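Notes to accompany the following structure.
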Amino acid sequence: MTGCDGGQAPPPAPVAPKPAVFDPSMSMRAFKPGQFTRVTDVSQVVTLTRGFWMGTHEVTQREFESVMGSNPSFFQGENLPVDKVSFEQAVAFCKALTTDDRKAGRIAVNMIYRLPTEAEWEYACLAGATTAFSFGDSEAESDAHAWSAENADDKTNPVGKKKPNGKGLYDMHGNGWEWVMDWFAAHPKAEQLVDPTGPTEGKHRVFKGGGWY
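One point on numbering: in this note's numbering, the residue at position 84 of the sequence shown is 87, and numbering is uninterrupted.
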């Protein structure tokens, strides 16, 4: 027969909060809030106050077709970056991938996939570097890091074959151009920018990174 001391039962052990669901179907890298210097007509310090995730490599044709059911690319190959994609198609892909990964329980209901802003793309591309490119100041060093007119053999090439930048992102220079959310316009002249998103309207969207030609 067991006894008891008649006192109060000990409080239950604290339960650790359940971590947010994040198991994306695409390989991604996390970026914390931070700053970088954008050099255009003037030197600008750009501050990003919110962290974000970026795909490790360009969206492949296999990834695009698995979500959208079609492949618009001129150059064909499942591990090649998808090409001939309009801005609207890129946005539609992000929305469809969000729906698919939410249904599969891979991301929480308050998470979305989207195109980065131009500032987010530049921050992720430089990955902490203070040089003109993520790999240095000279284009002569680009062969190990980028597919371009000098080495691409007049076509796109499989993603992830060149050296990554300092945060593990591939093909941020060359191979395929990459859409961002901003409308095209001259950068503002301010020396300090916080979470810039570009103008609210325009005729053309911005694409970044350069291509294979």
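Beta carbons: idealized from backbone N, C-alpha and C, even for Gly.
For clarity, every value in this text was computed on a predicted model and none was experimentally measured.
task: Below 8 Å on the Cβ atoms is my guess for A93 versus W182; work out the distance and round it to an integer in Å.
output: 5 Å
- prompt: Helix, strand or coil: which one does DSSP assign to V197?
  reply: strand
task: Within its chain, find whatever has a CB closer than 7 Å to the CB of T101; leave out the 5 residues flanking it on each side and keep chain order.
output: I115, Y116
Cα-Cα separation, P202 to D86: 26 Å
- request: Could you tell me the boundaries of the alpha helix (DSSP H) in which F39 lies?
  value: Segment 37 to 42 is the beta strand (DSSP E) holding F39; no alpha helix (DSSP H) there.
message: Please identify the residue among R208, R105, F138, E81 whose C-alpha is closest to the C-alpha of E61.
response: E81
message: Which residues does DSSP list as the beta-bridge partners of E181?
response: K211
message: Do G214 and G177 count as a contact pair if the criterion is CB distance below 9 Å?
response: yes
task: Take every Cβ of the stretch 129 to 144, pair it with every Cβ of the stretch 183 to 194, and state whether three or more of those distances are shorter than 8 Å.
output: no
- request: Might you give, ordered along the chain, the residues of its own chain that have their beta carbon closer than 6 Å to the beta carbon of W150, omitting 5 neighbours on each side?
  value: N160, G177, N178, W215
- prompt: Can at least three beta-carbon pairs, one atom from the stretch 166 to 174 and one from the stretch 54 to 70, be found at a separation below 8 Å?
  reply: yes
query: How big is the Cα-Cα spacing for C97 and F77?
result: 21 Å
message: Quick check on the DSSP output: what are the complete alpha helix (DSSP H) runs of length 4 or more inside the stretch 108 to 160, in order along the chain?
response: 121 to 129
message: Please list the terminal residues of the continuous beta strand (DSSP E) segment that includes Q47.
response: 46 to 51
message: Less than 9 Å between the C-beta atoms of E153 and K211, yes or no?
response: no
field: M31 in three-state terms, based on DSSP
entry: strand
- request: Could you tell me the distance, in whole angstroms, from the CA atom of L51 to the CA atom of G72?
  value: 35 Å
- prompt: Exposed or buried, which one is E66 when buried takes at least 16 other CB atoms within 10 Å?
  reply: buried
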